[in-house]
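Student: For what it's worth, this note's numbering labels the leading residue of the sequence shown as 56, then goes sequentially. Have a look at this one.
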Amino acid sequence: MSRSLSSGLRPLRPAAFGADPAGERLARIRRSPNFADGSFQNPVGARTRPAGSMIEFAKVFFAKEGRVRRAPTGTVPVHSTTLADLAKPPASGLRLTWMGHSSVLAEIDGRRVLLDPVWGERCSPFSFAGPKRLHPVPLPLAALGPVDVVVISHDHYDHLDLPTIRALADTDTVFAVPLGVGAHLEHWGVPADRLRELDWNESTKVAGLTLTATPARHFCGRGLRNEQHTLWASWVVAGPEHRVYHSGDTGYFPGFKDIGAEHGPFDATMIQIGAYSDFWPDIHMRPEEGMRAHLDLQGGPGGGPMLPIHWGTFNLAPHPWSEPGEGTLAAGQRAGAKVALPCPGEPFEPTAETLPVQPWWRAIATQPAEGWPAAEPADRPDAGTAAGNGAGAGAGSGEQEAVPAV
56 MSRSLSSGLR PLRPAAFGAD PAGERLARIR RSPNFADGSF QNPVGARTRP AGSMIEFAKV
116 FFAKEGRVRR APTGTVPVHS TTLADLAKPP ASGLRLTWMG HSSVLAEIDG RRVLLDPVWG
176 ERCSPFSFAG PKRLHPVPLP LAALGPVDVV VISHDHYDHL DLPTIRALAD TDTVFAVPLG
236 VGAHLEHWGV PADRLRELDW NESTKVAGLT LTATPARHFC GRGLRNEQHT LWASWVVAGP
296 EHRVYHSGDT GYFPGFKDIG AEHGPFDATM IQIGAYSDFW PDIHMRPEEG MRAHLDLQGG
356 PGGGPMLPIH WGTFNLAPHP WSEPGEGTLA AGQRAGAKVA LPCPGEPFEP TAETLPVQPW
416 WRAIATQPAE GWPAAEPADR PDAGTAAGNG AGAGAGSGEQ EAVPAV
C-alpha cells in the first residue's frame, strides 16, 4: 500500500494498529546498528513473506482433513490457578506458569515478570474476526496480582494485545519492549516513564532484575504498511539467583550459542515450537529446531528444562494442533534434555526434582494414523507430576479461522 493511501486511511484504522515511531524514537531507530536500508535487519537472512503462492497455501490451510486436525477434539484442560496458589512464594525461588501460547508468568527471586501477555479472545485487530482462543485464560488478568515488569517480544497480535496492555497500563507495572514498540504502548495509554525500550544486547534494571533484549530471527508489523520500524527480540531475565530465557518468535539461527555463552546457562528456557510451516521456514522454529536452540543456549542437554511455548492456544498454521507438543516431547527424549509439559495455568518450579511431563493433549487430539508413541519408562529421573492432575476443565473452542496469523 502506498504511503499516501495509508496516510489517508489513518483516521479510519483500528486503535489496535498502534502508532508509528516518530521524533526521537524514530531517530534512535535509524541510529541502531541493526537498522539499514529503511528497516530492521535479521541476524541472518530470513524470508518474512510466505513462500509459494497464496493459492497453494489456501489449499493446504483450508483442506477439510487438515482443518479437523488443527483443533482439539474436546475441552482443553486448564489448571484452575488461583491467587492463593500464586500468593505462596516458590520454595526454590523460581516458578513458571504457562498461561497459553507465549504468555508466561515468571516468579523469579521475589519478583514477578509477565512475558508476552495475551488475555484477549482473538489475536487480531478486530473483535469479530481473526484466530480465536481454543481455551480460556487460566485466570482473569485482574486476579493475577501485582506484576513488577511486563516483557514484550514483538508487536504481532498474538504477542502484543491491546486490551491486555490497556488493563496493565492502569497498574504500576513497568514495560520492557524492543526498540520502536513503545510507540504502540504510549498510544494505548502507557506513560513514557514506565517504558524501557531496548535494542538488541541492551539491558535495563527493574526491581532488582536485569532484563536484556537479545537477537531473534523474525519480523514485525501490525499496521497497513507493515514496515520494519519496530524491532523483535528474545529476552534474558536475570535475578540475583536465577535466570531464564524467552525466545519470542524466531527461526533457528547460530546466535543462540552466542546468547547462551554470554548469558547462560539458564534455569529454564521458554522456546517457540509452534505455528511453523514450509511456507515460512525462516521465522518460526519446528520442535526439533526449538530443541536445538535450547541445547545451544544451555551448552548441551544439562541444565534447566525447556518449556515449549507458542502452541495450543490459537490456530495459526497448517500443522496438527498436537504436533508441537508431540514433537517437543520426542526431541527432548532423543536429546536427553529435560522438557516441562504443563497444561495451561499449571505452575511448576523448573529447579524442582519433579516436572510436569505427561502428554496431556493426547486425550483431546486427533490420533495419528500410526498411533501415539509408546510411553517412556516411569522411572526417568525427571518424571514427575502429570500436567493434568487437579486440572479444572475450561471451556474451549474448536472454531476454525479464515484468517491465519504468523
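Glycine included, every Cβ here is placed at the ideal spot set by N, Cα and C.
(1) Within 7 Å (strictly less), CB to CB, does N370 reach chain C?
(2) Exposed or buried, E246, counting other C-beta atoms within 10 Å across all chains shown (16 or more means buried)?
(3) Report the start-end ranges of each alpha helix (DSSP H) in the region 204–264 that is 4 residues or longer and not cut off at the edges.
(4) Can you give the Cα-Cα distance for N256 and G357, rounded to whole angstroms?
(5) Identify whether H134 lies in helix, strand or coil by the three-state DSSP scheme.
(6) Name the two residues that bound the continuous beta strand (DSSP E) containing E162.
(7) What does the Cβ neighbour count give for G391, buried or exposed, with the cut at 16 atoms within 10 Å?
(8) If we count the other Cβ atoms within 10 Å of its Cβ and call it buried at 16 or more, is R86 buried or exposed?
(9) Starting from I84 and walking both ways along the alpha helix (DSSP H), at which residues does that stretch end?
(10) Can G73 and H242 be called in contact, C-beta distance under 7 Å?
(11) Taking its Cβ as the centre, do 16 or more other Cβ atoms sit within 10 Å of P432, making it buried, or is it exposed?
(12) How many Å lie between D437 and P428 at the Cα?
(13) Which whole runs of the beta strand (DSSP E) in the region 382–422 are 3 residues long or more, in chain order?
(14) In the structure shown, what three-state DSSP assignment does P356 receive?
(15) Let me check one thing: in DSSP terms, what residues is I326 bridge-paired to?
(16) May I ask you to check if the CB of F72 is nearer than 6 Å to at least one heavy atom of the ligand HEM?
(17) Using the Cβ count rule (16 or more neighbours within 10 Å means buried), how would you classify V192?
(18) Check A424 in the structure and name its three-state DSSP category.
(19) Please list, in chain order, all residues of the same chain as L102 whose beta carbon is under 8 Å from its beta carbon, the five residues on each side excluded.
(20) Is DSSP giving K312 helix, strand or coil here?
(21) Do you know how far the Cα of A424 is from the Cα of S289?
(22) Suppose contacts are defined by Cβ-Cβ distances below 7 Å. Is R150 in contact with P375 by that definition?
(23) When you compare only the Cα positions, how much space is there between L410 and G380?
(24) To the nearest angstrom, report how far apart S377 and T130 are at their CA atoms.
(25) Quickly, what does DSSP pair A90 with across the bridge? List them, please.
Tutor: Based on what the coordinates show:
(1) Here chain C cannot be found, since the structure has a single protein chain.
(2) The residue you asked about is not Glu; residue 246 is Pro in the sequence shown. Note on P246: under 16 other CB atoms within 10 angstroms of its CB, so exposed under the neighbour-count rule.
(3) Listed in chain order, they are 217–224, 237–242.
(4) Their Cα atoms are separated by approximately 25 Å.
(5) The three-state secondary structure of H134, taken from DSSP, is strand.
(6) Per DSSP, E162 is one residue of the beta strand (DSSP E) stretching across 158–163.
(7) The residue is exposed, with fewer than 16 neighbouring Cβ atoms inside 10 Å.
(8) With fewer than 16 Cβ atoms within 10 Å of its Cβ, R86 is classed as exposed.
(9) If you look at I84, you'll find it in the alpha helix (DSSP H) that goes 78–86.
(10) Taking 7 Å as the Cβ cut-off, G73 and H242 qualify as a contacting pair.
(11) Bear in mind that a pLDDT of 44 at P432, under 50, signals an unreliable position, so the number given afterwards is only what the model happens to contain. P432 comes out exposed.
(12) Note that D437 scores a pLDDT of 42, beneath 50, so its modelled location is shaky; the value from the coordinates is reported in the next line. One C-alpha to the other measures close to 19 Å.
(13) Taken in chain order, the whole beta strand (DSSP E) runs of length 3 or more contained in the region 382–422 number zero.
(14) For P356, the secondary structure class from DSSP, reduced to helix, strand or coil, is coil.
(15) I326 is bridged by DSSP to P363.
(16) You won't find the ligand HEM in this model; it holds no ligand whatsoever.
(17) By the neighbour-count rule (16 or more Cβ atoms within 10 Å), V192 is buried.
(18) Assignment of A424 by DSSP, reduced to helix, strand and coil, places it in the coil class.
(19) Here residue 102 is Arg; the residue named in the question, Leu, does not match the sequence. Close CB contacts of R102 within its chain, under the 8 Å cut and outside five residues either way in sequence, are with W335, P336, D337, I338 (chain order).
(20) Helix at K312.
(21) Cα to Cα, the separation comes out at about 36 Å.
(22) Remark: C-beta atoms of R150 and P375 do not approach each other more closely than 7 Å.
(23) So the two alpha carbons sit approximately 15 Å from each other.
(24) Distance between the alpha carbons of S377 and T130: 13 Å.
(25) Here residue 90 is Phe; the residue named in the question, Ala, does not match the sequence. Looking at the DSSP assignment, F90 forms a beta bridge with F95.
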